[in-house]
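Residue numbering for the sequence shown follows the working numbering, beginning at 7 and increasing consecutively. The beta carbon of each residue, even a glycine, is placed where N, CA and C say it ideally should be.
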Amino acid sequence: MRTLLLIRVFGRPFCTPVLADRPPKRVLEIACGSGLWSSLCHDYFARKGHRNIAFHGIDLISLAPDLRKSGVNWQFKRHNLRKPRLPFPDDYFDFVFIKDAGMCPYSPAQQASGLSEPLRVLKSGGILEVWDSDWVFRSLLPNPSPARKMASKEQETAEATATYTFSPATPFTRAQNSFLRDYNSWVESAFDSRKLTALPCATIGLSFNSEVDLLEGVDSRRIAIPLSELRWEREGQGKKDSSGRTRKQLTADQLTIRRTALLTVIQMIEGMEPMLMEASGKSRDEWDRWWTAMMTDLFQKGGLVNGECMEVSAWWGRKR
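Written out as C-alpha cells, the structure is:
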C-alpha cells in the first residue's frame, strides 16, 4: 500500500528525469520485499514500449512471488542485507533503487558510507535513487510556499494530489497530536537503544552529497502528505494560497490519498509495537488502552487537523 501511495504522489516509479527518455536495461531493487515496486516499474516502462528490462530483487527473506508469471524479466536473490557487501559484480546495473531500508545497518539511511556498495554495482552513467521517510512526525505550518526549483510537472502532481512539496526552508513544528508526540518519543528511544537513527533523511542527504567524486546531477524531491484535511485548509477554501491559487475543497481522490497515508502510519506503529511498548514502559493493558484512545482520537475526534504529515523524500544521482 505504501509503495502505491508513494508512486501516486511522486507521479511515477522514479523521480530522476533521466530515465524517462533513457530506460535502463538492468535494474536492481535493494530490500525489494514483495517486489511490487519492480513489477510496477516494469509496467510503467512496458506501457512506453520498453519490455526487455531485466529486474533483480534482493532481500533478507523471500516474499516476492515469481514475477516472471506476470511477464517481468525477474530474478530474486536471497541475501543478508546486514552484510556489508552485495553479491553482484562491479558495474553491473544501469539503475539501482532503494526504498524504505531505514532499519538496515549498512543502508544510506543509517551511515553516510551506505552508498558505497550500491555505487560499486552501478555502471558508469547509471542512476542511483533512494526513497525513504523519517520515523518521527512533524506538523506543517499553515500555507507553506512550494519548494523552490520545482519542475512544473512536479508541482502539478502536488496540486493534483493535495500534497505539499517542501525544502529545508519550509516551516514545520513538532507534532501537535499528543499520541503522535508519545510515539515520537518512544520511537527515538527505541532506535537509540539499537544504535539506529529515527531521522534517516538527513543521513541519506549527507550520503549523496559526500559522493561528489562518484555522483553527478544529484538532486532530491521531498513531499509532505497531510494525514487528514487540515484546519487551515478548510478555513482557507475560496481564498488564495501562498502561490496565488484559489484553495478548493479536497476531492474524494485527494482525501483517499490522505486516508491511505494515515492507514500506512497506523500499520507502521502496529508493526513496531513490541519495541515501542518496551520503550514506553507500559504494560500490555496500559498499551492496549493507549492504542484504543489513539485510534479514537485519530479516526473519530479529528485529532490530525493541525498539520501532522507523512514526509516522504527521494534522492538520486548519476554515476560518473
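C-alpha gap between residue i and residue j, whole angstroms
i: P280; j: E217; result: 37 Å
i: S122; j: F51; result: 28 Å
i: S158; j: L42; result: 28 Å
i: K307; j: W80; result: 46 Å
i: G277; j: M283; result: 11 Å
i: I64; j: V193; result: 27 Å
i: E314; j: T302; result: 16 Å
i: S289; j: W297; result: 12 Å
i: S226; j: D291; result: 43 Å
i: T257; j: E235; result: 11 Å
i: I1; j: L186; result: In this structure the chain extends from 7 to 326, so residue 1 is not present and cannot be described.
i: I133; j: A60; result: 15 Å
i: L233; j: P95; result: 42 Å
i: D188; j: F197; result: 14 Å
i: K245; j: T171; result: 20 Å
i: R180; j: A208; result: 17 Å
i: R154; j: L46; result: 29 Å
i: K54; j: P29; result: 10 Å
i: D259; j: D294; result: 32 Å
Reduced DSSP category for residue i - H, G, I as helix; E, B as strand; rest coil
i: M316; result: strand
i: A60; result: strand
i: S145; result: strand
i: L73; result: helix
i: L42; result: helix
i: S130; result: strand
i: R324; result: strand
i: L32; result: The amino acid at residue 32 is misidentified as Leu; the sequence shows Arg. Three-state result, R32: strand.
i: V102; result: strand
i: R154; result: coil
i: R84; result: strand
i: D96; result: coil
i: V401; result: The chain is shown only over 7 to 326; residue 401 falls outside these bounds and no answer can be derived.
i: D140; result: coil
Cβ distance (whole Å) where residue i is taken to contact residue j below 8 Å
i: C21; j: E135; result: 7 Å
i: A164; j: I229; result: 7 Å
i: R8; j: T270; result: 5 Å
i: W141; j: K105; result: At roughly 15 Å, the Cβ-Cβ gap does not stay under 8 Å, so W141 and K105 are not in contact.
i: G323; j: P206; result: About 17 Å separates the two Cβ atoms, so there is no contact after all.
i: V102; j: V318; result: Actually they do not touch by this definition, with Cβ atoms about 19 Å apart.
Exposed unless 16 or more other CB atoms sit within 10 angstroms - verdict on residue i
i: L69; result: exposed
i: L147; result: exposed
i: P90; result: exposed
i: L11; result: buried
i: R58; result: One point to set straight first is that residue 58 is Asn, not Arg, in the sequence displayed. Exposed is the call here.
i: D100; result: buried
i: E35; result: buried
i: G120; result: buried
i: K75; result: exposed
What runs of the alpha helix (DSSP H), each 4 residues or longer, lie entirely inside the segment 170-256? 184-199, 206-215 and 237-241
Of all the alpha helix (DSSP H) runs that stay within the bounds of the segment 268-295, which reach a length of 4 or more residues? 279-286
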